[in-house]
């Protein structure tokens, strides 16, 4: 009987030892799985943060380019306006120095004969009534 009890106790100790070893393995597997999942989640958050930072950099770069363009346009506009105002002032001075003009009543009339060769209306080219003008 004592031998049976000892054998039972030994078997019980061996089962306890096997269960303890299996529990340690399962715990280690769970800890390893949690660590690998934590690393994966951390990598995903890092990737997300990098994308957000790159988007922010792209937005700020575009804003910077737009502001530089607007600044260049403002400088160019100011330069052109300065030159235009100078030309407008000179033009006004030239216009003010011109003599007064009078509008013409019949502007379609010309003072130059536009048909200088009118011939043979009253006669021949060399005869009486020759109306040719040279």
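Numbering (this note's numbering), first residue to last: 13 to 146. Just so you know, even glycine gets a beta-carbon here, dropped at the ideal spot from N, CA and C.
1. From the DSSP output, in three-state form, read off residue 70 for me.
2. Please report the straight-line C-alpha distance between residue 93 and residue 62, rounded to a whole angstrom.
3. If I measure Cβ to Cβ from residue 39 and keep anything under 6 Å in the same chain, skipping five residues before and after, which residues do I get?
4. Please classify residue 113: does DSSP put it in a helix, a strand, or coil?
5. Report the rounded CA-to-CA distance for residue 50 versus residue 35, giving the unit in angstroms.
6. Using the Cα positions of residue 59 and residue 69, report the straight-line distance between them to the nearest angstrom.
Taking the geometry as given:
1. What you label residue 70 is simply residue 58 of the chain shown in a count that begins at 1. Helix.
2. Position 81 of the chain shown, counting from 1, holds the residue named residue 93. Position 50 of the chain shown, counting from 1, holds the residue named residue 62. Rounded to whole angstroms, residue 93 and residue 62 show a C-alpha spacing of 46 Å.
3. Looking up residue 39 in the chain shown gives position 27. Cβ within range, chain order: n/a, list empty.
4. As a position in the chain shown, residue 113 is number 101, starting the count at 1. Coil.
5. Working through the chain shown from its first residue, we reach residue 50 at position 38. Working through the chain shown from its first residue, we reach residue 35 at position 23. Looking at the two C-alpha atoms, the distance is approximately 22 Å.
6. For the purposes of this step, residue 59 is identified with residue 47 of the chain shown, where counting begins at 1. For the purposes of this step, residue 69 is identified with residue 57 of the chain shown, where counting begins at 1. Looking at the two C-alpha atoms, the distance is approximately 15 Å.
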